[in-house]
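Okay, so the sequence shown: first residue is 421 according to the numbering used here, each after it adds one.
All residues carry an ideal CB built from backbone N, CA and C; glycine is no exception.
Structure, as C-alpha coordinates:
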Amino acid sequence: MWIWSKFMLLALAASLAMAPITASAVDTTPEPAPSPEIAAGKRAIEARDWEAAIKSLTAAAQREPRNADIQNLLGYAYRNTGQLEAAFRHYRQALQIDPRHLGAHEYIGEAYLMANNLAKAEEHLAALKRFCLGVCVERDDLSNKIATYRAQAK
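Dropping the structure here:
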(Lines of atoms letter the chains of each structure in order from A; the text may use other names.)
(Lines give C-alpha, C1' and ligand atoms only; values in the text may rest on other atoms or scores of the structure.)
Protein backbone atom coordinates (compact mmCIF):
# COMPACT_ATOMS: atom_id res chain seq x y z
CA MET A 421 0.00 0.00 0.00
CA TRP A 422 2.81 2.41 0.93
CA ILE A 423 4.56 1.83 -2.40
CA TRP A 424 1.30 2.33 -4.29
CA SER A 425 0.67 5.69 -2.49
CA LYS A 426 4.20 6.85 -3.23
CA PHE A 427 3.78 5.88 -6.89
CA MET A 428 0.48 7.80 -7.12
CA LEU A 429 2.05 10.91 -5.59
CA LEU A 430 4.93 10.78 -8.05
CA ALA A 431 2.52 10.31 -10.97
CA LEU A 432 0.40 13.23 -9.80
CA ALA A 433 3.46 15.45 -9.42
CA ALA A 434 4.69 14.52 -12.89
CA SER A 435 1.32 15.23 -14.48
CA LEU A 436 1.11 18.63 -12.77
CA ALA A 437 4.61 19.51 -13.92
CA MET A 438 3.66 18.71 -17.50
CA ALA A 439 0.23 20.41 -17.38
CA PRO A 440 -0.14 23.33 -19.77
CA ILE A 441 -0.09 26.74 -18.21
CA THR A 442 -3.50 28.34 -18.45
CA ALA A 443 -3.95 31.87 -19.68
CA SER A 444 -5.03 32.99 -16.22
CA ALA A 445 -1.70 31.81 -14.77
CA VAL A 446 0.37 34.09 -17.01
CA ASP A 447 0.23 37.88 -16.91
CA THR A 448 -0.07 38.84 -20.55
CA THR A 449 -0.67 42.51 -19.85
CA PRO A 450 1.67 44.42 -22.15
CA GLU A 451 4.06 46.94 -20.63
CA PRO A 452 2.67 50.43 -21.03
CA ALA A 453 4.41 52.40 -23.73
CA PRO A 454 6.73 55.08 -22.36
CA SER A 455 5.48 58.63 -22.54
CA PRO A 456 6.56 60.61 -25.60
CA GLU A 457 8.97 62.60 -23.40
CA ILE A 458 10.65 59.46 -22.06
CA ALA A 459 10.89 57.97 -25.55
CA ALA A 460 12.40 61.21 -26.87
CA GLY A 461 14.82 61.32 -23.93
CA LYS A 462 15.99 57.77 -24.60
CA ARG A 463 16.45 58.50 -28.31
CA ALA A 464 18.46 61.61 -27.42
CA ILE A 465 20.64 59.57 -25.05
CA GLU A 466 21.27 57.01 -27.80
CA ALA A 467 22.25 59.90 -30.09
CA ARG A 468 24.42 61.35 -27.30
CA ASP A 469 22.42 64.59 -27.53
CA TRP A 470 22.61 65.31 -23.82
CA GLU A 471 20.85 68.69 -23.87
CA ALA A 472 17.87 67.27 -25.77
CA ALA A 473 17.79 64.31 -23.37
CA ILE A 474 17.76 66.65 -20.38
CA LYS A 475 14.95 68.73 -21.89
CA SER A 476 12.76 65.72 -22.68
CA LEU A 477 13.44 63.88 -19.44
CA THR A 478 12.86 67.01 -17.35
CA ALA A 479 9.41 67.28 -18.96
CA ALA A 480 8.82 63.59 -18.21
CA ALA A 481 9.92 64.07 -14.59
CA GLN A 482 7.39 66.87 -14.18
CA ARG A 483 4.65 64.46 -15.25
CA GLU A 484 6.03 61.53 -13.23
CA PRO A 485 7.94 62.92 -10.24
CA ARG A 486 8.11 59.51 -8.50
CA ASN A 487 9.68 57.65 -11.44
CA ALA A 488 13.16 56.47 -10.42
CA ASP A 489 14.05 55.48 -14.00
CA ILE A 490 13.50 59.02 -15.25
CA GLN A 491 15.63 60.44 -12.43
CA ASN A 492 18.38 57.93 -13.20
CA LEU A 493 18.35 58.84 -16.89
CA LEU A 494 18.47 62.54 -16.02
CA GLY A 495 21.49 61.86 -13.81
CA TYR A 496 23.13 59.98 -16.68
CA ALA A 497 22.51 62.84 -19.13
CA TYR A 498 23.79 65.47 -16.70
CA ARG A 499 26.87 63.36 -15.90
CA ASN A 500 27.68 63.15 -19.59
CA THR A 501 27.59 66.95 -19.85
CA GLY A 502 30.04 67.16 -16.96
CA GLN A 503 27.43 68.65 -14.61
CA LEU A 504 28.19 66.34 -11.69
CA GLU A 505 26.20 68.19 -9.02
CA ALA A 506 23.03 67.97 -11.10
CA ALA A 507 23.82 64.31 -11.84
CA PHE A 508 24.26 63.54 -8.15
CA ARG A 509 20.99 65.30 -7.34
CA HIS A 510 19.05 63.12 -9.81
CA TYR A 511 20.79 59.88 -8.84
CA ARG A 512 20.03 60.57 -5.17
CA GLN A 513 16.42 61.26 -6.05
CA ALA A 514 16.24 57.97 -7.97
CA LEU A 515 17.67 56.14 -4.96
CA GLN A 516 15.30 57.92 -2.61
CA ILE A 517 12.38 56.69 -4.73
CA ASP A 518 13.86 53.19 -5.16
CA PRO A 519 16.78 52.37 -2.84
CA ARG A 520 17.44 49.15 -4.80
CA HIS A 521 17.63 50.81 -8.24
CA LEU A 522 20.58 48.98 -9.78
CA GLY A 523 21.22 51.47 -12.57
CA ALA A 524 21.26 54.42 -10.19
CA HIS A 525 23.77 52.66 -7.92
CA GLU A 526 26.01 51.90 -10.89
CA TYR A 527 25.82 55.38 -12.39
CA ILE A 528 26.25 57.29 -9.13
CA GLY A 529 29.27 55.10 -8.44
CA GLU A 530 30.71 56.08 -11.81
CA ALA A 531 29.99 59.75 -11.07
CA TYR A 532 31.86 59.42 -7.77
CA LEU A 533 34.85 58.07 -9.69
CA MET A 534 34.69 61.13 -11.94
CA ALA A 535 34.73 63.24 -8.77
CA ASN A 536 37.73 61.23 -7.47
CA ASN A 537 35.74 59.81 -4.57
CA LEU A 538 36.65 56.13 -4.62
CA ALA A 539 35.21 55.47 -1.16
CA LYS A 540 31.70 56.58 -2.20
CA ALA A 541 31.93 54.58 -5.44
CA GLU A 542 32.82 51.51 -3.39
CA GLU A 543 29.79 52.10 -1.14
CA HIS A 544 27.54 51.82 -4.17
CA LEU A 545 29.41 48.75 -5.38
CA ALA A 546 28.78 47.19 -1.96
CA ALA A 547 25.07 47.99 -2.35
CA LEU A 548 25.04 46.31 -5.76
CA LYS A 549 26.73 43.25 -4.27
CA ARG A 550 23.93 43.07 -1.68
CA PHE A 551 21.13 43.52 -4.20
CA CYS A 552 22.46 41.44 -7.11
CA LEU A 553 22.25 37.74 -6.43
CA GLY A 554 23.09 36.32 -9.82
CA VAL A 555 24.24 37.80 -13.09
CA CYS A 556 24.34 41.55 -12.63
CA VAL A 557 25.65 43.82 -15.37
CA GLU A 558 25.45 46.92 -13.16
CA ARG A 559 27.59 45.36 -10.41
CA ASP A 560 30.11 44.01 -12.89
CA ASP A 561 30.36 47.28 -14.82
CA LEU A 562 30.96 49.35 -11.68
CA SER A 563 33.43 46.78 -10.36
CA ASN A 564 35.40 46.98 -13.62
CA LYS A 565 35.36 50.78 -13.60
CA ILE A 566 36.64 50.81 -10.01
CA ALA A 567 39.41 48.38 -10.95
CA THR A 568 40.39 50.60 -13.90
CA TYR A 569 40.29 53.69 -11.66
CA ARG A 570 42.60 51.99 -9.15
CA ALA A 571 45.02 50.84 -11.87
CA GLN A 572 45.25 54.37 -13.30
CA ALA A 573 45.77 55.84 -9.84
CA LYS A 574 48.98 53.81 -9.35
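Taking C-beta atoms under 8 angstroms as the contact rule, Ser455 and Ala472 fail to qualify, at a distance of about 15 angstroms. DSSP places Glu484 in the coil class of the three-state scheme, outside both helix and strand.
By the criterion of a C-beta distance shorter than 7 angstroms, Arg520 is surrounded in its chain by Phe551, once the five residues flanking it on both sides are discounted. With distances taken between CA atoms, Arg512 lies nearest to Tyr532 out of Arg559, Tyr532, Gly502 and Glu484.
Distance check between Tyr498 and each of Gly523, Glu466 and Arg509 places Arg509 closest, using alpha-carbon atoms only. Per DSSP, Thr568 is one residue of the alpha helix (DSSP H) stretching across Val557 to Ala573.
In this structure Gln491 is in contact with Ala514, their Cβ atoms being roughly 4 angstroms apart against a cut-off of 8 angstroms. Scanning Gly554, Leu545, Leu553 and Val555 for the CA closest to the CA of Ala567 turns up Leu545.
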